[in-house]
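Step one of this worksheet: look at the structure below.
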Ligand code: FES
Ligand SMILES: [Fe+2]
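Numbering (this note's numbering), first residue to last: 6 to 396.
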């Protein structure tokens with residue numbers, strides 16, 4: 006299979022500028038988790054390329070805006086997160102949940118602002134939707150009406166299984182931001198294949214005993230209802246595709262699974278008792294993985310510039326374990342601490358290899374090639390090409 010993204014597209018600032026317009030300002034993107042915005046006036050800023058977006062809790066309602074004042078363009082929230090009203094630090098304009106300035110110091114001196122013209126000074130808004138405790142945003146474009154189910158539709162057939170997983174999210178046990186010196190597409194592609202596991206993760210993922218990836222879902226699982234598509238009993242991993250999104254289901258080594266069951270009996274009550282490992286990618290910037298429904302590892306991938314990506318990870322514990330004894334609580338703590346360490350170790354290994362690729366892709370020869378194990382990258386390239394070529 007031939008890649009559809011040319012090596013030069015990983016190093017060209019002009020390409021990144023187009024991607025921001027054609028992908029990140031047009032798609033639903035994963036922004037943050039609700040636990041970061043739980044109280045009135047909590048806010049969280051994220052960078053999407055050179056644009057800062059502020060997500061803010063207005064009396065329980067989560068809203069998102071471009072983080073720039075309509076008066077003379079100061080940044081409204083200057084910290085990455087915190088708790089304060091949406092007030093410009095320069096001349097003190099305060100904005101409401103609609104993105105309108107409702108308190109303007111010495112307003113009578115600005116003759117242009119009247120009740121009729123106030124809307125001209127509205128902030129650029131982003132739509133907000135939720136998947137369990139996860140917040141997704143999509144830039145509002147003037148004159149465009151958004152279908153009620155626009156967000157759900159973007160997931161295609163993955164909406165039901167992913168919502169089910171999200172309904173089991175418990176507390177956040179780890180949340181870190183990594184700055185990776187590599188193009189965002191390299192970071193996405195790296196999450197979409199297991200071909201690199203033997204070379205890049207010999208002491209981490211490989212030790213879990215995941216079998217090698219095969220290819221598309223076997224006949225019996227293609228289009229089968231989710232409950233029939235358990236990977237248990239499969240000899241190898243398989244892929245599934247839903248629109249522009251893709252997933253891989255991998256069985257775990259049976260011995261490893263049995264050992265887990267014995268060691269962590271308190272997890273038997275978890276609501277999502279999936280077998281093996283599942284990994285979903287939602288185009289363009291969201292990754293969700295779960296091993297046996299015991300923990301849920303999420304990634305947010307956002308470009309800063311053509312050679313810098315912020316990779317944010319969240320690790321959720323499972324909910325629904327009921328009352329735990331003191332001993333079980335200690336075990337739980339230890340279980341999730343080692344899960345967090347495991348995720349961190351993998352991120353460090355992945356970041357290092359992506360940074361190596363970034364250093365060489367600029368003088369690449371040829372167009373590269375993709376193996377059957379890298380089929381999810383093909384799907385990403387097709388989605389990407391479709392986004393970049395519309396007009
Ligand atoms: S720049 Fe924001 S109030 Fe003046
Ligand atoms: Fe990896």
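Think of the CB as a built atom: it goes at the ideal place given N, C-alpha and C, for glycine as much as any other residue.
Residue i at chain B interface by Cβ criterion, 8 angstroms
{"i": "residue 305", "result": "In summary, chain B is missing from the structure at hand, where a single protein chain is found."}
Contact belief for residue i with residue j at Cβ below 8 angstroms, rounded distance in angstroms
{"i": "residue 250", "j": "residue 35", "result": "Rounded, the Cβ-Cβ distance is 12 angstroms, inconsistent with contact."}
{"i": "residue 48", "j": "residue 14", "result": "Residue 48 to residue 14, Cβ: 34 angstroms. No contact."}
{"i": "residue 306", "j": "residue 314", "result": "6 angstroms"}
{"i": "residue 303", "j": "residue 319", "result": "4 angstroms"}
{"i": "residue 384", "j": "residue 246", "result": "6 angstroms"}
{"i": "residue 334", "j": "residue 269", "result": "So it is not a contact: roughly 12 angstroms between Cβ atoms."}
{"i": "residue 323", "j": "residue 361", "result": "The Cβ separation is near 35 angstroms, so there is no contact."}
Coil, strand or helix - residue i by DSSP
{"i": "residue 139", "result": "strand"}
{"i": "residue 121", "result": "coil"}
{"i": "residue 71", "result": "strand"}
{"i": "residue 18", "result": "helix"}
{"i": "residue 251", "result": "strand"}
{"i": "residue 1", "result": "Residue 1 cannot be examined here, being either before or after the span of the chain that is shown, 6 to 396."}
{"i": "residue 126", "result": "helix"}
{"i": "residue 28", "result": "helix"}
{"i": "residue 194", "result": "helix"}
{"i": "residue 45", "result": "coil"}
{"i": "residue 111", "result": "coil"}
{"i": "residue 205", "result": "helix"}
{"i": "residue 131", "result": "strand"}
{"i": "residue 376", "result": "coil"}
{"i": "residue 116", "result": "coil"}
{"i": "residue 8", "result": "coil"}
Residue interval of the alpha helix (DSSP H) (run including residue i)
{"i": "residue 262", "result": "259–268"}
{"i": "residue 317", "result": "No alpha helix (DSSP H) contains residue 317, which is instead part of the beta strand (DSSP E) from 313–323."}
{"i": "residue 365", "result": "331–366"}
{"i": "residue 382", "result": "380–394"}
{"i": "residue 211", "result": "Neither: residue 211 is in no alpha helix (DSSP H) and is coded neither H nor E."}
{"i": "residue 1", "result": "As displayed, the chain neither begins before 6 nor continues past 396, which places residue 1 out of reach and without an answer."}
{"i": "residue 155", "result": "155–160"}
Residue i: CB within 7 angstroms of a non-hydrogen atom of ligand 2
{"i": "residue 355", "result": "yes"}
{"i": "residue 399", "result": "The displayed coordinates of the chain run from 6 to 396. Any statement about residue 399 would go beyond what the structure contains."}
{"i": "residue 185", "result": "no"}
{"i": "residue 258", "result": "no"}
{"i": "residue 88", "result": "no"}
{"i": "residue 192", "result": "no"}
{"i": "residue 253", "result": "no"}
{"i": "residue 284", "result": "no"}
{"i": "residue 206", "result": "yes"}
{"i": "residue 394", "result": "no"}
{"i": "residue 201", "result": "yes"}
{"i": "residue 195", "result": "yes"}
Which residues DSSP lists as bridging residue i, in chain order
{"i": "residue 296", "result": "282, 300"}
{"i": "residue 92", "result": "99"}
{"i": "residue 38", "result": "139"}
{"i": "residue 181", "result": "318"}
{"i": "residue 66", "result": "63"}
{"i": "residue 308", "result": "314"}
{"i": "residue 271", "result": "DSSP output for residue 271 lists no bridge partner at all."}
{"i": "residue 51", "result": "58"}
{"i": "residue 144", "result": "131"}
{"i": "residue 483", "result": "An answer regarding residue 483 cannot be provided, because it is not within the stretch 6 to 396 covered by the chain."}
{"i": "residue 13", "result": "Its beta-bridge partners do not exist; DSSP assigns none."}
{"i": "residue 174", "result": "323"}
{"i": "residue 80", "result": "Looking at the DSSP assignment, residue 80 forms no beta bridge with any residue, so it has no partner."}
Any non-hydrogen atom of ligand 1 closer than 7 angstroms to residue i Cβ
{"i": "residue 97", "result": "yes"}
{"i": "residue 77", "result": "yes"}
{"i": "residue 93", "result": "yes"}
{"i": "residue 74", "result": "yes"}
Extent of the continuous beta strand (DSSP E) run through residue i
{"i": "residue 288", "result": "Note, residue 288: premise wrong, no beta strand (DSSP E); not H, not E."}
{"i": "residue 108", "result": "106–108"}
Proximity test, residue i beta-carbon vs ligand 3 heavy atom, cut-off 7 angstroms
{"i": "residue 115", "result": "For ligand 3, the structure offers nothing, since it holds only ligand 1 and ligand 2."}
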